[in-house]
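Q: Under my numbering, residues 1 to 181 are what the sequence shown spells out, in order.
Beta carbons: idealized from backbone N, C-alpha and C, even for Gly.
Have a look at this one before I ask anything.
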Amino acid sequence: MTDPLRQFATMPATLEATTGRSLASWQETVRGLGLDKHGQIVAALKRDHGLSHGYANMLALLHTGYGKAAEDELVAGLFSGPKAALRPIYDRLLVVVEALGQDVVIAPKKTMVSFRRSKQFACFTPSSAKRAELGVALRGDPPTERLRLTNGMTSHAVWIADPAEIDAEVVAWVRAAYERS
Numbered sequence: 001m002t003d004p005l006r007q008f009a010t011m012p013a014t015l016e017a018t019t020g021r022s023l024a025s026w027q028e029t030v031r032g033l034g035l036d037k038h039g040q041i042v043a044a045l046k047r048d049h050g051l052s053h054g055y056a057n058m059l060a061l062l063h064t065g066y067g068k069a070a071e072d073e074l075v076a077g078l079f080s081g082p083k084a085a086l087r088p089i090y091d092r093l094l095v096v097v098e099a100l101g102q103d104v105v106i107a108p109k110k111t112m113v114s115f116r117r118s119k120q121f122a123c124f125t126p127s128s129a130k131r132a133e134l135g136v137a138l139r140g141d142p143p144t145e146r147l148r149l150t151n152g153m154t155s156h157a158v159w160i161a162d163p164a165e166i167d168a169e170v171v172a173w174v175r176a177a178y179e180r181s
């Protein structure tokens, strides 16, 4: 099955190969349309420039900033109010996860952030105002004093109440889960 995020990432190169125009040139065209609504941009690019729906959609998404803005809003929502104190924990974890490889997909949701490669290998859930849960997919591994067995999308989880708790042991669990995914 095709990974939509990987496919989207390759589209700028194929756009130029298909149309003979660079992504920057197309972005200038989109700005020149004077449109702000996604659907209007897609329709104009298809109608006036003969682009396929896929390319028109990609250009509209890039112009409106839809994906990044939506993700940023979800992350901001996770850490609003009493859970704001948990943001430094997430930021520390994000550094660890992003260092694993360029194939990591960070997918914020309303109640958690999923970290995927070919499949989800970890998830971060701000559970309460005082602690967050980091779930990791380490199916078959025994629990430890810190790492407990769970049911659900991940097989194990650890409670984290301070960024310093994302130590070498936690990093090793996240890396092992990443390597298995």
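Going along the chain, which residues of its own chain have a beta-carbon closer than 8 Å to the beta-carbon of Gly54, five neighbours each way excluded?
A: Met11
Q: Report the residue from Ala129, Gly135, Ser181 and Asp141 whose alpha carbon sits nearest the alpha carbon of Asp162.
A: Residue nearest to Asp162 within the set Ala129, Gly135, Ser181 and Asp141 is Ala129 (criterion: CA-CA distance).
Q: To which residues of the same chain is Ile160 closer than 7 Å at the C-beta, ignoring the five residues directly before and after it?
A: Exclusion of the five residues before and after Ile160 leaves Ile89, Arg131, Ala132, Leu134 and Ile166 as the residues of its chain whose Cβ lies within less than 7 Å of its Cβ.
Q: Out of Ala56, Pro126, Arg146 and Arg175, point me to the one whose CA is closest to Ala120's CA.
A: Residue identity differs from the one stated: residue 120 is Gln in this sequence, not Ala. That would be Arg175, whose Cα lies nearest to the Cα of Gln120.
Q: So if DSSP puts Gly39 in a beta bridge, which residue, or which two residues, is it bridged to?
A: Looking at the DSSP assignment, Gly39 forms no beta bridge with any residue, so it has no partner.
Q: Identify whether Val96 lies in helix, strand or coil by the three-state DSSP scheme.
A: helix
Q: Do you know offhand how far Lys109's Cα is from Leu74's?
A: 6 Å
Q: So Val136 packs on Phe124, CB below 8 Å; how close in whole Å?
A: Contact doesn't hold; Cβ gap of about 10 Å is too wide.
Q: For a test of the three-state rule: what should DSSP assign to Pro108, helix, strand or coil?
A: strand
Q: Please state if the CB of Val30 and the CB of Leu59 are separated by a distance shorter than 8 Å.
A: yes
Q: Can you tell me the Cα-Cα spacing of Asn57 and His63, whole angstroms?
A: The alpha-carbon atoms of Asn57 and His63 are separated by roughly 10 Å.
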